[in-house]
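What follows is a short report on a single structure.
There are 2 protein chains.
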Amino acid sequence: MKTTVLSQTDIQAIVVEIGVDRLMDELIARLEEAFQNFDPRQTAVPVRDGFSYSSPRSGLLEWMPLLQTGEHVLMKMVGYHPRNPDLSALPTILSDFSLYNATTGQLEAVVDGTLLTAFRTGAASAIASRFLARTDSRVVGLIGCGAQAVTQLHALTRVFDVQRVCFFDTDFATMDSFEQRCRPFVGEANFEMSSILDILELSDIISIATTIDIGAGPVFDDVPTQEHLHINAVGSDFPNKFELPLPLLKRSFVTPDVRVQAEIEGECQQLASSDIGEELYQLMQRSGFLPNLKQCLTVFDSTGWVLEDYAVTMLFLDHARRLGLGTEVWMGTQSSDPKSPYVFLEGSEATELSPTLAGSTASSATEKKRGLS
Amino acid sequence: MKTTVLSQTDIQAIVVEIGVDRLMDELIARLEEAFQNFDPRQTAVPVRDGFSYSSPRSGLLEWMPLLQTGEHVLMKMVGYHPRNPDLSALPTILSDFSLYNATTGQLEAVVDGTLLTAFRTGAASAIASRFLARTDSRVVGLIGCGAQAVTQLHALTRVFDVQRVCFFDTDFATMDSFEQRCRPFVGEANFEMSSILDILELSDIISIATTIDIGAGPVFDDVPTQEHLHINAVGSDFPNKFELPLPLLKRSFVTPDVRVQAEIEGECQQLASSDIGEELYQLMQRSGFLPNLKQCLTVFDSTGWVLEDYAVTMLFLDHARRLGLGTEVWMGTQSSDPKSPYVFLEGSEATELSPTLAGSTASSATEKKRGLS
Chain S
4 MKTTVLSQTD IQAIVVEIGV DRLMDELIAR LEEAFQNFDP RQTAVPVRDG
54 FSYSSPRSGL LEWMPLLQTG EHVLMKMVGY HPRNPDLSAL PTILSDFSLY
104 NATTGQLEAV VDGTLLTAFR TGAASAIASR FLARTDSRVV GLIGCGAQAV
154 TQLHALTRVF DVQRVCFFDT DFATMDSFEQ RCRPFVGEAN FEMSSILDIL
204 ELSDIISIAT TIDIGAGPVF DDVPTQEHLH INAVGSDFPN KFELPLPLLK
254 RSFVTPDVRV QAEIEGECQQ LASSDIGEEL YQLMQRSGFL PNLKQCLTVF
304 DSTGWVLEDY AVTMLFLDHA RRLGLGTEVW MGTQSSDPKS PYVFLEGSEA
354 TELSPTLAGS TASSATEKKR GLS
Chain R
4 MKTTVLSQTD IQAIVVEIGV DRLMDELIAR LEEAFQNFDP RQTAVPVRDG
54 FSYSSPRSGL LEWMPLLQTG EHVLMKMVGY HPRNPDLSAL PTILSDFSLY
104 NATTGQLEAV VDGTLLTAFR TGAASAIASR FLARTDSRVV GLIGCGAQAV
154 TQLHALTRVF DVQRVCFFDT DFATMDSFEQ RCRPFVGEAN FEMSSILDIL
204 ELSDIISIAT TIDIGAGPVF DDVPTQEHLH INAVGSDFPN KFELPLPLLK
254 RSFVTPDVRV QAEIEGECQQ LASSDIGEEL YQLMQRSGFL PNLKQCLTVF
304 DSTGWVLEDY AVTMLFLDHA RRLGLGTEVW MGTQSSDPKS PYVFLEGSEA
354 TELSPTLAGS TASSATEKKR GLS
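Residue numbers (the working numbering), protein chains in the order written: chain S, 4 to 376; chain R, 4 to 376.
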């Protein structure tokens, strides 16, 4: 079997072909199912690890592996380099996914994960909000208006009838362009540049995703909010990087996506163990009594879970296969004798391209670009 | 910048174009330099981690990250699935490398690592043997004659004037085909199917790389050897998997590639800490007195070091660039606005391919297959 490479070009072609709303709906549905069915005996998710460095620029590159027993291993690589947009015309968050067969170790796919990471982070917030925010939520607040804010709002509009969007960013240009960047999906909602104070006072649901510096949090001091406010805390992703003020966390019901991870790099690092609620999937799987959290102040501490990446990877691969998108390459899998690493050299002078050899390497002709055109 | 994908086809084309001997010579030279210059303050190499499973088949998939500060992050993925050759016509060891820019996190290359892993493991043994075996070594023994044995022998022939090759495998077909599989590189050496006893008695250098089961080691009991024998112990790569008998280890000078890793999954797991010598790179970097280890019984405990993978990746990428080989794809890096994940949808209906949009995704035309033809 060949390895499928889904590039940015392929990912964008899938979004164009399927439609960004339908894709988000499908992802929310699949992710909700994944949360409801998650079984740690079948799915191994070690705590992520990574390299962080301050030279030549501050950055972080993490690996997030997952084993779905008998099916796949997914390795997500994700980079966080906050100077990228300004200095390199690149997104802050870059990512790719490698998918392996868990019977043979064969590399089945390499998928550009940059859009998919923003997509799944949005979908996770939509699921948390469906579970924890009031069903009639109308006002959504965004603190931080970068790339993640776009998919946060998009996902929320698929689950709620959003009528007002209040948003703030410390960078005026980023705030100024936010409405424009949301045009591909937002219908009738009113966009209102707001202060953080107004956002906290008015919103039914808030998603916060900033690039606040390590050690510089929280992003704002505690202020009054709606009693039923639900917050998706998205930007905490590093030890000593957090966004929310401790008093607000202490009077909220806080549910992390992955507790051990959130205690290291999420909002939960501010909290004592006894102040942290169950993980979102556990709440969703609970069959017994659950208090009505929709009327309470709630925080979803979203540090990013590779289970979400697995769901979005499989969704896009399914569409790519159906649409015939992607580039197919041979990766270590094509051999007449797996014990003979140089078998392809047989019958040839190793120093020049003989006709025989040209034939034996002509499989490059089978590495065709599949595409819509 | 685009991401370069080097498939198996590209790797083979490089070997054909450059020649397998010259490539091995270049790798040995680069790797020797990498060992001599290795500085743990510049190069971070966390202990590898992985998933091991017994269902549906026994297997292991590991990740081996490396940070070369200011230059690259390399993520090596390597699978060990001993039933692959028999049940899936795939190599036991499959691997791929992902190379990232350590300033932006951008994915620069994805490289098929299966041949490269065998290649660098051979080169590492050649370097250890040059340092620890007698310069006039003529007799090389191979215990286990799978894919790794081929590159072990190849690398040793580039450093020593090998005249006799004694080899053994528990699987007769594997033993029977070994000489044939070495034809692309071996000149005048005599190949002799041998018993393990004979190999141990006769050899100046031995490389052992078997698929002995976990808990079933050692592969043989201690027997007499040449006083100056050097052993490259390649097959130990899992807790409770080891190949050499403890008494032989105890009377040898044992140098691991990576001590902490070798203590977990190499021959060193059999040894007390005080029985383990310095790491090979430390020996090579030592400027003060070093006893003449070439006359002693020595063991290189080669568990596989990602520094080796970094060297071989860069070597093949350099050749690929010069030869114009590889497939180039855009991975998350091409955006007129990095804060706008849906920017490519602008000016279009998201549900159909408008002419504008077809234009904006037509960059797929730039994802061309580069090749020799």
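C-beta: ideal position from N, C-alpha, C; glycine also.
With distance defined between alpha-carbon atoms, name the residue in the options nearest to residue i.
i	options	result
Ser55 (chain S)	R:Thr316, R:Ile279, R:Phe163 and R:Ala105	R:Ala105
Lys79 (chain S)	S:Gly73, S:Thr72 and S:Met67	S:Met67
Cys21 (chain R)	R:Ile217, R:Arg161, R:Ala158 and R:Leu318	The question names Cys, yet the displayed sequence has Ile at residue 21 (chain R). For Ile21 (chain R), the nearest C-alpha among the options comes from R:Leu318.
Lys297 (chain R)	R:Ile199, R:Gln45, R:Arg184 and R:Gln229	R:Gln229
His157 (chain R)	R:Glu268, R:Thr72 and R:Ile31	R:Ile31
Trp308 (chain S)	S:Leu9, S:Cys185, S:Ala152 and S:Asp52	S:Asp52
Asp24 (chain R)	R:Gly116, R:Phe122 and R:Pro59	R:Phe122
Leu310 (chain S)	S:Ile209, S:Ala126 and S:Leu293	S:Ala126
Glu29 (chain S)	S:Pro259, S:Thr316, S:Leu145 and S:Val113	S:Thr316
Ile202 (chain S)	S:Ala219, S:Cys169 and S:Phe223	S:Cys169
Gly116 (chain S)	R:Gly335, R:Arg289, R:Ser276 and R:Ser57	R:Gly335
Around the Cβ of residue i, are there at least 16 other Cβ atoms within 10 angstroms (buried) or fewer (exposed)?
i	result
Val50 (chain R)	exposed
Asp139 (chain R)	exposed
Pro187 (chain S)	buried
Asp13 (chain R)	buried
Leu90 (chain S)	exposed
Ala37 (chain R)	buried
Glu355 (chain S)	Reliability of the predicted coordinates at Glu355 (chain S) is poor, the pLDDT of 37 falling under 50, and no value is obtained from them.
Ser367 (chain S)	The predicted model places Ser367 (chain S) with a pLDDT of 38, which falls under 50 and marks its position as unreliable; any figure quoted below should be read in that light. By the 10 Å Cβ count, Ser367 (chain S) comes out buried.
Lys342 (chain S)	buried
Lys244 (chain R)	buried
Lys5 (chain S)	buried
Leu320 (chain S)	buried
Leu3 (chain R)	A query on residue 3 (chain R) cannot be resolved here, the shown segment of chain R reaching from 4 to 376 and no further.
Leu118 (chain S)	buried
Trp152 (chain R)	The identity of residue 152 (chain R) in the sequence shown is Ala, whereas the question assumes Trp. It counts as buried.
Arg44 (chain R)	exposed
Leu252 (chain S)	buried
Ala136 (chain R)	buried
Arg184 (chain S)	buried
Pro259 (chain R)	buried
Phe292 (chain R)	exposed
Gly73 (chain S)	exposed
Leu274 (chain R)	buried
Val344 (chain R)	According to the sequence displayed, residue 344 (chain R) carries Pro and not Val. So Pro344 (chain R) ends up on the buried side.
Ala212 (chain S)	buried
What residues in its chain sit with their C-beta under 6 Å from that of residue i, if we drop five residues either side in the sequence?
i	result
Val81 (chain R)	Glu65 and Ser98
Leu247 (chain S)	Pro221, Ala236 and Glu270
Tyr313 (chain S)	Leu69 and Leu77
Pro250 (chain S)	Asp225
Glu182 (chain R)	Phe194
Val2 (chain S)	Chain S is shown only over 4 to 376; residue 2 (chain S) falls outside these bounds and no answer can be derived.
Ser10 (chain R)	Asp115
Ignore the nearest five residues each way along the sequence and tell me which others in residue i's own chain have a CB closer than 8 Å to its CB.
i	result
Thr95 (chain S)	Tyr83, His84, Pro85, Asn87, Pro88, Gly149, Ala150 and Thr214
Arg141 (chain S)	Phe163, Asp164, Val165, Gln166, Arg167 and Asp207
Tyr103 (chain S)	His75, Val76, Leu77, Met78, Gln109, Leu110 and Glu111
Ile209 (chain S)	Val143, Gly144, Leu145, Ile146, Ile202, Leu203, Leu232, His233, Ile234 and Asn235
Please report the Cβ distance between residue i and residue j, rounded to the nearest whole angstrom; I am assuming they are in contact, meaning their Cβ atoms lie under 8 Å.
i	j	result
Ser128 (chain R)	Val237 (chain R)	7 Å
Glu281 (chain R)	Ser239 (chain R)	Not a contact, Cβ separation roughly 18 Å.
Val2 (chain R)	Val332 (chain S)	This structure leaves residue 2 (chain R) out entirely; chain R is present only between 4 and 376.
Ser197 (chain R)	Phe171 (chain R)	6 Å
Leu93 (chain S)	Phe241 (chain S)	In fact, because the Cβ distance is near 19 Å, the residues do not count as touching under 8 Å.
Starting from residue i, follow its DSSP beta bridges and name the residues at the other end.
i	result
Leu102 (chain R)	R:Leu77 and R:Ala112
Cys169 (chain S)	S:Gly144 and S:Glu195
Leu26 (chain S)	According to DSSP, which records beta bridges pairwise, Leu26 (chain S) is partnered with nothing at all.
Phe241 (chain R)	R:Lys244
Pro259 (chain R)	R:Asp304
Ser332 (chain S)	In the sequence under discussion, the amino acid at residue 332 (chain S) is Val, which differs from the Ser named in the question. BP columns for Val332 (chain S) point to S:Thr6.
Thr46 (chain R)	R:Gln71
Asp164 (chain R)	DSSP output for Asp164 (chain R) lists no bridge partner at all.
By Cβ distance, which residues of its chain are closer than 7 Å to residue i, with the 5 residues on each side in sequence left out?
i	result
Leu26 (chain S)	Val18
Met287 (chain R)	Phe38, Gln39 and Phe134
Glu266 (chain S)	Gln272
Glu35 (chain R)	Ile130
Gln264 (chain R)	Val50, Arg51 and Thr306
His322 (chain R)	Ile17 and Ile21
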